[in-house]
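Numbering (UniProt numbering), first residue to last: 1 to 362.
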(Lines of atoms letter the chains of each structure in order from A and count residues from 1; the text may use other names and numbers.)
(Lines give C-alpha, C1' and ligand atoms only; values in the text may rest on other atoms or scores of the structure.)
Protein backbone atom coordinates (compact mmCIF):
# COMPACT_ATOMS: atom_id res chain seq x y z
CA UNK A 1 0.00 0.00 0.00
CA UNK A 2 1.30 3.44 -0.92
CA UNK A 3 2.39 5.53 2.05
CA UNK A 4 1.93 8.69 0.02
CA UNK A 5 3.16 10.81 -2.86
CA UNK A 6 6.14 13.07 -3.20
CA UNK A 7 6.03 15.81 -5.81
CA UNK A 8 9.25 16.82 -7.58
CA UNK A 9 11.69 15.86 -10.33
CA UNK A 10 13.60 12.61 -10.22
CA UNK A 11 17.11 14.11 -10.13
CA UNK A 12 16.40 16.91 -7.65
CA UNK A 13 18.77 16.32 -4.67
CA UNK A 14 16.18 17.33 -2.06
CA UNK A 15 13.59 15.03 -3.62
CA UNK A 16 16.15 12.23 -3.81
CA UNK A 17 17.02 12.69 -0.12
CA UNK A 18 13.38 12.12 0.87
CA UNK A 19 13.04 9.09 -1.40
CA UNK A 20 16.24 7.58 0.03
CA UNK A 21 14.88 7.92 3.57
CA UNK A 22 11.60 6.32 2.49
CA UNK A 23 13.55 3.46 0.94
CA UNK A 24 15.52 2.98 4.18
CA UNK A 25 12.21 2.46 6.04
CA UNK A 26 10.61 0.34 3.29
CA UNK A 27 7.95 2.97 2.65
CA UNK A 28 6.16 2.86 -0.70
CA UNK A 29 6.47 6.46 -1.88
CA UNK A 30 5.09 7.42 -5.29
CA UNK A 31 7.02 10.07 -7.21
CA UNK A 32 4.76 12.55 -9.01
CA UNK A 33 6.62 14.62 -11.60
CA UNK A 34 6.39 18.30 -10.71
CA UNK A 35 8.82 20.90 -11.99
CA UNK A 36 9.72 23.69 -9.53
CA UNK A 37 7.63 26.72 -10.40
CA UNK A 38 4.93 24.60 -12.05
CA UNK A 39 1.59 26.38 -12.33
CA UNK A 40 -0.77 23.45 -12.71
CA UNK A 41 -3.92 23.82 -10.64
CA UNK A 42 -3.22 20.60 -8.70
CA UNK A 43 0.31 21.61 -7.71
CA UNK A 44 -0.65 25.21 -6.88
CA UNK A 45 -3.34 23.86 -4.58
CA UNK A 46 -0.93 21.79 -2.48
CA UNK A 47 1.91 24.34 -2.54
CA UNK A 48 1.17 27.93 -3.63
CA UNK A 49 4.94 28.63 -3.68
CA UNK A 50 5.36 25.90 -6.32
CA UNK A 51 8.52 24.54 -4.69
CA UNK A 52 9.59 20.91 -4.38
CA UNK A 53 9.50 18.53 -2.70
CA UNK A 54 5.94 18.32 -1.39
CA UNK A 55 4.68 15.25 0.47
CA UNK A 56 1.03 14.21 0.48
CA UNK A 57 0.26 11.17 2.64
CA UNK A 58 -2.28 8.50 1.81
CA UNK A 59 -4.40 9.95 4.61
CA UNK A 60 -4.18 13.46 3.10
CA UNK A 61 -1.46 14.76 5.43
CA UNK A 62 0.45 17.46 3.53
CA UNK A 63 3.99 18.52 4.28
CA UNK A 64 6.46 20.86 2.59
CA UNK A 65 10.18 21.53 3.21
CA UNK A 66 12.64 18.71 2.58
CA UNK A 67 14.02 18.61 6.14
CA UNK A 68 10.55 18.19 7.65
CA UNK A 69 9.57 15.57 5.08
CA UNK A 70 12.77 13.56 5.61
CA UNK A 71 12.37 13.60 9.41
CA UNK A 72 8.72 12.58 9.12
CA UNK A 73 9.57 9.67 6.82
CA UNK A 74 12.45 8.52 9.06
CA UNK A 75 10.20 8.59 12.14
CA UNK A 76 7.73 6.07 10.69
CA UNK A 77 9.93 3.24 11.97
CA UNK A 78 9.91 3.35 15.77
CA UNK A 79 13.06 1.24 15.87
CA UNK A 80 14.97 3.38 13.36
CA UNK A 81 18.55 4.34 14.10
CA UNK A 82 18.44 7.12 11.51
CA UNK A 83 17.37 9.70 14.12
CA UNK A 84 20.12 8.90 16.62
CA UNK A 85 20.05 7.50 20.14
CA UNK A 86 19.71 10.65 22.22
CA UNK A 87 18.13 14.06 22.04
CA UNK A 88 21.59 15.47 21.45
CA UNK A 89 22.02 13.11 18.51
CA UNK A 90 18.66 14.20 17.14
CA UNK A 91 19.53 17.88 17.47
CA UNK A 92 22.91 17.27 15.79
CA UNK A 93 21.19 15.46 12.93
CA UNK A 94 18.89 18.44 12.42
CA UNK A 95 21.92 20.72 12.58
CA UNK A 96 23.66 18.99 9.67
CA UNK A 97 20.46 18.81 7.63
CA UNK A 98 19.88 22.53 8.07
CA UNK A 99 23.54 23.20 7.29
CA UNK A 100 23.31 21.31 4.00
CA UNK A 101 20.09 23.08 3.07
CA UNK A 102 21.32 26.59 3.85
CA UNK A 103 25.08 26.50 3.18
CA UNK A 104 25.71 23.83 0.57
CA UNK A 105 22.75 23.72 -1.81
CA UNK A 106 22.30 27.46 -2.51
CA UNK A 107 26.03 28.20 -2.80
CA UNK A 108 26.81 25.21 -5.00
CA UNK A 109 23.79 26.02 -7.18
CA UNK A 110 24.80 29.65 -7.57
CA UNK A 111 28.30 28.43 -8.49
CA UNK A 112 27.57 25.92 -11.25
CA UNK A 113 24.30 27.18 -12.74
CA UNK A 114 25.73 30.36 -14.32
CA UNK A 115 28.73 28.38 -15.60
CA UNK A 116 26.39 25.93 -17.34
CA UNK A 117 24.32 28.77 -18.81
CA UNK A 118 21.27 28.08 -16.65
CA UNK A 119 21.50 31.60 -15.17
CA UNK A 120 23.21 34.84 -16.28
CA UNK A 121 26.97 34.62 -15.77
CA UNK A 122 28.81 37.21 -13.70
CA UNK A 123 32.45 36.34 -13.07
CA UNK A 124 32.76 38.23 -9.79
CA UNK A 125 29.52 36.78 -8.40
CA UNK A 126 30.52 33.23 -9.34
CA UNK A 127 33.97 33.64 -7.79
CA UNK A 128 32.44 34.97 -4.56
CA UNK A 129 29.88 32.20 -4.24
CA UNK A 130 32.48 29.52 -5.00
CA UNK A 131 34.47 30.77 -2.00
CA UNK A 132 31.38 30.47 0.21
CA UNK A 133 30.65 26.97 -1.07
CA UNK A 134 34.21 25.78 -0.46
CA UNK A 135 34.11 27.21 3.08
CA UNK A 136 31.02 25.09 3.72
CA UNK A 137 32.84 22.00 2.50
CA UNK A 138 35.80 22.95 4.70
CA UNK A 139 33.45 22.60 7.67
CA UNK A 140 32.57 19.09 6.53
CA UNK A 141 36.22 18.18 5.95
CA UNK A 142 37.27 19.34 9.40
CA UNK A 143 34.48 17.39 11.09
CA UNK A 144 34.92 14.21 9.05
CA UNK A 145 38.67 14.16 9.58
CA UNK A 146 38.01 12.99 13.14
CA UNK A 147 34.56 11.42 12.65
CA UNK A 148 33.50 8.55 10.42
CA UNK A 149 29.96 9.86 10.09
CA UNK A 150 28.28 13.18 10.77
CA UNK A 151 26.57 12.07 14.01
CA UNK A 152 27.66 9.13 16.12
CA UNK A 153 29.32 5.94 14.94
CA UNK A 154 26.76 4.80 12.39
CA UNK A 155 24.90 6.18 9.40
CA UNK A 156 22.05 8.49 10.33
CA UNK A 157 19.55 10.66 8.53
CA UNK A 158 22.17 13.42 8.62
CA UNK A 159 24.48 11.38 6.36
CA UNK A 160 21.83 10.27 3.86
CA UNK A 161 20.29 13.73 3.62
CA UNK A 162 23.54 15.74 3.49
CA UNK A 163 25.22 13.41 0.99
CA UNK A 164 22.21 13.72 -1.29
CA UNK A 165 22.43 17.50 -1.09
CA UNK A 166 26.15 17.35 -1.93
CA UNK A 167 25.30 15.56 -5.20
CA UNK A 168 25.55 18.63 -7.48
CA UNK A 169 28.82 19.67 -5.91
CA UNK A 170 30.52 16.38 -6.74
CA UNK A 171 28.82 16.34 -10.14
CA UNK A 172 29.96 19.77 -11.31
CA UNK A 173 32.51 21.63 -9.17
CA UNK A 174 34.35 19.29 -6.78
CA UNK A 175 36.83 17.89 -9.27
CA UNK A 176 39.55 15.30 -8.80
CA UNK A 177 42.05 17.83 -7.49
CA UNK A 178 39.63 19.00 -4.80
CA UNK A 179 38.78 15.42 -3.82
CA UNK A 180 42.46 14.58 -3.37
CA UNK A 181 42.86 17.63 -1.13
CA UNK A 182 39.76 16.72 0.90
CA UNK A 183 40.09 12.97 1.53
CA UNK A 184 37.81 12.83 4.58
CA UNK A 185 34.79 14.35 2.84
CA UNK A 186 35.48 12.28 -0.28
CA UNK A 187 35.72 9.06 1.75
CA UNK A 188 32.50 9.85 3.60
CA UNK A 189 30.59 10.75 0.42
CA UNK A 190 31.71 7.61 -1.42
CA UNK A 191 30.69 5.51 1.59
CA UNK A 192 27.20 6.99 1.75
CA UNK A 193 26.40 6.97 -1.98
CA UNK A 194 27.38 3.30 -2.16
CA UNK A 195 24.82 2.26 0.45
CA UNK A 196 22.11 0.05 -1.06
CA UNK A 197 19.28 2.40 -0.04
CA UNK A 198 21.09 5.30 -1.71
CA UNK A 199 21.91 3.38 -4.89
CA UNK A 200 18.29 2.26 -5.16
CA UNK A 201 17.35 5.90 -5.77
CA UNK A 202 20.58 7.32 -7.26
CA UNK A 203 22.31 4.35 -8.95
CA UNK A 204 25.44 6.02 -10.29
CA UNK A 205 26.32 9.44 -8.84
CA UNK A 206 28.73 11.26 -11.19
CA UNK A 207 32.10 12.66 -10.16
CA UNK A 208 33.47 15.70 -11.98
CA UNK A 209 36.95 15.30 -13.44
CA UNK A 210 37.51 19.01 -12.85
CA UNK A 211 35.49 21.98 -11.68
CA UNK A 212 33.15 23.27 -14.35
CA UNK A 213 34.46 26.40 -16.02
CA UNK A 214 32.73 29.01 -18.18
CA UNK A 215 33.18 28.81 -21.92
CA UNK A 216 36.00 30.99 -23.14
CA UNK A 217 34.71 34.27 -24.46
CA UNK A 218 35.51 35.03 -28.05
CA UNK A 219 38.04 37.79 -28.28
CA UNK A 220 36.24 40.95 -29.25
CA UNK A 221 37.70 42.78 -32.22
CA UNK A 222 39.45 45.99 -31.38
CA UNK A 223 37.21 49.01 -31.89
CA UNK A 224 37.72 50.70 -35.21
CA UNK A 225 39.76 53.85 -35.02
CA UNK A 226 37.84 57.06 -35.58
CA UNK A 227 38.20 58.62 -38.97
CA UNK A 228 40.58 61.62 -38.80
CA UNK A 229 37.76 63.96 -39.83
CA UNK A 230 35.59 62.74 -36.93
CA UNK A 231 38.06 64.07 -34.39
CA UNK A 232 37.91 67.61 -35.78
CA UNK A 233 35.77 70.26 -34.05
CA UNK A 234 32.13 70.35 -35.05
CA UNK A 235 31.70 72.72 -38.02
CA UNK A 236 29.47 75.79 -37.82
CA UNK A 237 27.94 74.93 -41.19
CA UNK A 238 25.31 72.16 -41.02
CA UNK A 239 26.24 70.23 -44.12
CA UNK A 240 23.08 68.13 -44.25
CA UNK A 241 20.94 71.29 -44.36
CA UNK A 242 22.95 72.53 -47.31
CA UNK A 243 22.65 69.20 -49.11
CA UNK A 244 18.86 69.34 -48.81
CA UNK A 245 18.85 72.91 -50.12
CA UNK A 246 21.01 71.92 -53.08
CA UNK A 247 18.72 69.00 -53.87
CA UNK A 248 15.45 70.90 -53.58
CA UNK A 249 16.22 74.37 -54.96
CA UNK A 250 17.43 75.76 -58.25
CA UNK A 251 21.20 75.54 -58.12
CA UNK A 252 22.14 79.01 -59.37
CA UNK A 253 19.23 81.24 -58.41
CA UNK A 254 18.61 79.87 -54.91
CA UNK A 255 21.04 77.27 -53.65
CA UNK A 256 24.30 78.94 -54.58
CA UNK A 257 22.98 82.30 -53.41
CA UNK A 258 22.91 80.86 -49.90
CA UNK A 259 26.41 79.45 -49.98
CA UNK A 260 28.37 82.67 -49.71
CA UNK A 261 29.76 82.08 -46.25
CA UNK A 262 33.48 81.62 -45.81
CA UNK A 263 34.30 77.92 -46.08
CA UNK A 264 36.94 75.53 -47.38
CA UNK A 265 36.62 74.54 -51.04
CA UNK A 266 38.73 72.30 -53.22
CA UNK A 267 38.87 71.23 -56.84
CA UNK A 268 38.70 67.44 -56.78
CA UNK A 269 38.21 64.49 -59.14
CA UNK A 270 34.96 62.63 -59.63
CA UNK A 271 36.43 59.90 -57.43
CA UNK A 272 34.93 56.98 -55.54
CA UNK A 273 33.83 58.09 -52.06
CA UNK A 274 32.61 55.64 -49.45
CA UNK A 275 29.27 56.17 -47.74
CA UNK A 276 30.91 56.76 -44.36
CA UNK A 277 32.78 59.79 -45.78
CA UNK A 278 29.74 61.51 -47.28
CA UNK A 279 28.82 63.06 -43.93
CA UNK A 280 32.03 65.09 -44.10
CA UNK A 281 31.79 66.13 -47.76
CA UNK A 282 29.58 67.91 -50.24
CA UNK A 283 30.44 68.77 -53.80
CA UNK A 284 30.22 68.02 -57.48
CA UNK A 285 32.64 67.11 -60.25
CA UNK A 286 32.19 66.82 -64.00
CA UNK A 287 33.84 65.31 -67.03
CA UNK A 288 34.32 67.85 -69.82
CA UNK A 289 35.14 67.03 -73.43
CA UNK A 290 35.20 63.64 -75.16
CA UNK A 291 37.09 60.36 -75.04
CA UNK A 292 40.87 60.83 -75.16
CA UNK A 293 40.37 64.59 -74.96
CA UNK A 294 38.74 65.38 -71.65
CA UNK A 295 39.18 67.29 -68.42
CA UNK A 296 37.82 66.55 -64.93
CA UNK A 297 37.04 69.43 -62.60
CA UNK A 298 35.02 69.79 -59.44
CA UNK A 299 34.55 71.74 -56.25
CA UNK A 300 33.93 70.30 -52.81
CA UNK A 301 33.31 71.45 -49.27
CA UNK A 302 35.08 69.28 -46.70
CA UNK A 303 35.59 69.37 -42.96
CA UNK A 304 39.05 70.54 -41.96
CA UNK A 305 41.99 71.98 -43.87
CA UNK A 306 43.57 68.77 -45.22
CA UNK A 307 42.04 67.12 -48.30
CA UNK A 308 43.87 63.78 -47.89
CA UNK A 309 41.66 62.23 -45.14
CA UNK A 310 38.58 63.06 -47.18
CA UNK A 311 39.75 61.66 -50.50
CA UNK A 312 42.42 59.06 -49.84
CA UNK A 313 39.87 56.31 -50.54
CA UNK A 314 40.20 57.15 -54.23
CA UNK A 315 42.91 54.87 -55.69
CA UNK A 316 43.80 57.47 -58.34
CA UNK A 317 44.09 60.39 -55.91
CA UNK A 318 47.67 61.10 -57.04
CA UNK A 319 46.46 61.76 -60.59
CA UNK A 320 44.76 64.99 -59.60
CA UNK A 321 45.73 68.42 -58.42
CA UNK A 322 44.01 69.81 -55.31
CA UNK A 323 43.83 73.58 -54.87
CA UNK A 324 42.42 75.40 -51.87
CA UNK A 325 39.87 78.10 -52.81
CA UNK A 326 38.77 81.24 -51.01
CA UNK A 327 35.01 81.83 -51.01
CA UNK A 328 35.58 85.56 -50.43
CA UNK A 329 37.15 85.90 -53.90
CA UNK A 330 34.59 86.48 -56.67
CA UNK A 331 36.50 84.30 -59.17
CA UNK A 332 36.70 81.35 -56.75
CA UNK A 333 33.04 81.69 -55.84
CA UNK A 334 32.05 81.78 -59.53
CA UNK A 335 34.14 78.66 -60.14
CA UNK A 336 32.31 76.81 -57.38
CA UNK A 337 28.89 77.87 -58.66
CA UNK A 338 29.77 76.70 -62.18
CA UNK A 339 30.96 73.34 -60.88
CA UNK A 340 27.87 72.80 -58.76
CA UNK A 341 25.46 73.96 -61.48
CA UNK A 342 27.19 71.80 -64.13
CA UNK A 343 25.62 73.88 -66.90
CA UNK A 344 28.58 75.67 -68.50
CA UNK A 345 31.59 74.62 -70.55
CA UNK A 346 35.09 75.29 -69.21
CA UNK A 347 38.19 76.66 -70.90
CA UNK A 348 41.57 75.01 -70.26
CA UNK A 349 44.74 76.20 -71.99
CA UNK A 350 42.62 78.25 -74.37
CA UNK A 351 40.43 75.32 -75.40
CA UNK A 352 36.75 75.03 -74.55
CA UNK A 353 35.30 71.76 -73.23
CA UNK A 354 31.59 70.99 -72.94
CA UNK A 355 30.26 69.24 -69.81
CA UNK A 356 29.43 65.64 -70.74
CA UNK A 357 28.85 64.01 -67.35
CA UNK A 358 28.40 65.29 -63.82
CA UNK A 359 28.51 63.66 -60.41
CA UNK A 360 27.26 65.03 -57.10
CA UNK A 361 28.45 63.77 -53.72
CA UNK A 362 25.88 64.47 -51.00
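The C-beta atom is built at its ideal place from N, Cα and C for all residues, glycine as well.
Judged by their CB atoms, residue 69 and residue 55 are nearer to each other than the 7 Å cut-off. With a threshold of 16 other beta carbon atoms within 10 Å, residue 321 falls short and is exposed.
When DSSP states are grouped into helix, strand and coil, residue 32 belongs to the strand group. Spanning the alpha carbons of residue 25 and residue 77 requires a straight line of approximately 6 Å. Looking only at 156, 337, 113 and 142, the smallest Cα-Cα distance to residue 129 is reached by 113.
In the three-state reduction of the DSSP assignment, residue 69 falls in the helix class. Beta-carbon to beta-carbon, residue 151 and residue 111 are separated by about 27 Å, too far to satisfy the 8 Å threshold. Between residue 6 and residue 29, the C-beta spacing is below 7 Å.
Selection 16, 311, 22 and 11 evaluated against residue 2 yields 22 as nearest (Cα-Cα).
Residue 8 and residue 17 have their C-alpha atoms spaced approximately 12 Å apart. Residue pairing of residue 56 in beta bridges, as defined by DSSP: 5 and 62.
Taking 7 Å as the cut-off, the Cβ atoms of residue 103 and residue 136 count as close. Nearest to residue 174 by alpha-carbon distance, out of 319, 196, 134 and 197, is 134.
Remark: three or more beta-carbon pairs, one from each stretch, lie closer than 8 Å, so the region 342-352 and the region 283-294 are flagged as touching. Its chain contains 115 as the residues whose beta carbon lies nearer than 7 Å to that of residue 213, once the 5 sequence neighbours on both sides are disregarded; these appear in chain order. A direct Cα-Cα distance of roughly 9 Å separates residue 82 from residue 71. Rounded to the nearest whole angstrom, the C-alpha separation of residue 148 and residue 33 is 35 Å.
Rounded to whole angstroms, the Cβ separation of residue 53 and residue 164 is 11 Å, and the two are not in contact under 8 Å. Judged by DSSP secondary structure, residue 348 falls within the beta strand (DSSP E) whose first and last residues are 346-348. Contact annotation: residue 184 and residue 145 have beta-carbon atoms nearer than 7 Å. The Cβ atoms of residue 169 and residue 105 lie no closer than 7 Å to each other.
Between the alpha carbons of residue 86 and residue 143 lies a distance of about 20 Å. In this structure residue 59 is exposed. Its beta-carbon is surrounded by fewer than 16 other beta-carbon atoms within 10 angstroms. In the structure shown, residue 38 falls within a coil segment according to DSSP collapsed to helix, strand and coil. In the DSSP secondary-structure assignment, residue 357 is bridged to 287. When the beta-carbon positions are compared, residue 84 and residue 162 stay at least 7 Å from each other.
Going by DSSP, residue 125 is part of the alpha helix (DSSP H) stretching over 123-145. With a contact defined as Cβ atoms closer than 8 Å, residue 198 and residue 20 qualify at about 6 Å. Following the DSSP letters along the chain, one finds residue 338 inside the alpha helix (DSSP H) bounded by residues 330-341.
Contact check for residue 353 and residue 310: beta-carbon distance about 26 Å, past the 8 Å limit, so the pair fails to qualify.
A residue is called buried when at least 16 other Cβ atoms come within 10 angstroms of its Cβ; residue 117 does not meet this threshold and is exposed.
Short of 7 Å from the beta carbon of residue 179, and not among the five residues preceding or following it, lie these beta carbons of its own chain, in chain order: 186.
Of the candidates 190, 359 and 153, 190 places its Cα closest to the Cα of residue 167.
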